[in-house]
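Enquirer: Let me begin by handing over the structure; questions about it come next.
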Amino acid sequence: MNDLMFDFTVDKEAKKVYIQREFAAELALVWEAFTTAALLDRWVAPAPAQARTKYMHFEVGGARLYAMILPGGEERWAIQRYTSITPMTNFQYYNAFCDADGNPEAVGSEWDHTFSEQDGITTVRITIYNESYERMERIMEGFRLGFTASLVNLDKLLAEQQS
169 MNDLMFDFTV
179 DKEAKKVYIQ
189 REFAAELALV
199 WEAFTTAALL
209 DRWVAPAPAQ
219 ARTKYMHFEV
229 GGARLYAMIL
239 PGGEERWAIQ
249 RYTSITPMTN
259 FQYYNAFCDA
269 DGNPEAVGSE
279 WDHTFSEQDG
289 ITTVRITIYN
299 ESYERMERIM
309 EGFRLGFTAS
319 LVNLDKLLAE
329 QQS
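Be aware that the sequence shown starts at 169, since it is given in our numbering, and climbs by one per residue.
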């Protein structure tokens, strides 16, 4: 697993984050892990936090409302509104922090996920555009650490699903 590619690049001027990650799993498994609420809840939160999806409608115009639940029970909510879906290839959404009812903060980010597979290795490329440079700066270091830990969780989940 150590030879799988992982790149996390921040372009502050463009207010973009570029993430590229390889997984030792078939495209269908990786796609399902990124697009199914029950599976997302198993890997997306870095330990010791947990994720809980309130609802998810994976369709253009649909949304996923979920919370990151911290060890003390505090909930941090976010909503993803799906803007484009090309099955097994790409999906895009607008993401914003929100309250438990899905009322979003004023600024958020646009996420673009692209999937490809070669020789049983699936590559996921994610581009995140932040509307606010200040928002990006405020969350970036914690996001980098948390997202990296989440991808390790995903490696474990994919290994379980293949065995």
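C-beta atoms are modelled at their ideal positions from N, C-alpha and C, and glycine is treated no differently.
Fair warning: this is a prediction, and the values are worked out from it, not measured in the lab.
Can you tell me which of D171, T177, I187 and F174 puts its alpha carbon nearest to the alpha carbon of D280?
Expert: I187
Enquirer: From which residue to which residue does the alpha helix (DSSP H) around N321 run?
Expert: Y301 to Q330
Enquirer: How long is the line joining the alpha carbons of F174 and N271, rounded to whole angstroms?
Expert: Each residue's alpha carbon lies about 33 angstroms from the other.
Enquirer: Give the secondary structure of E273 by DSSP, where H, G and I count as helix, E and B as strand, and everything else as coil.
Expert: DSSP places E273 in coil when its eight states are reduced to three.
Enquirer: Determine the closest residue to R220 out of L233, F311, L322 and G229, with distance taken between C-alpha atoms.
Expert: L233
Enquirer: Would F176 and R312 be called neighbours here (beta carbons separated by less than 7 angstroms)?
Expert: Closer than 7 angstroms, so yes.
Enquirer: Per DSSP, what kind of secondary structure is L197 in: helix, strand or coil?
Expert: helix
Enquirer: Would you give the residue range spanned by the alpha helix (DSSP H) that D133 belongs to?
Expert: Because residue 133 is not part of the residues shown, which for the chain are 169 to 331, the question remains open.
Enquirer: Rank R244, S284, F265 and T282 by C-alpha distance to the C-alpha of V275 and give the top, closest one.
Expert: F265
Enquirer: Give a yes or no on whether the C-beta atoms belonging to P239 and P214 are separated by under 7 angstroms.
Expert: no
Enquirer: So, helix, strand or coil for F259, using DSSP?
Expert: strand
Enquirer: Which residue wins for smallest C-alpha separation from G288, given the options K184, K180 and E190?
Expert: E190
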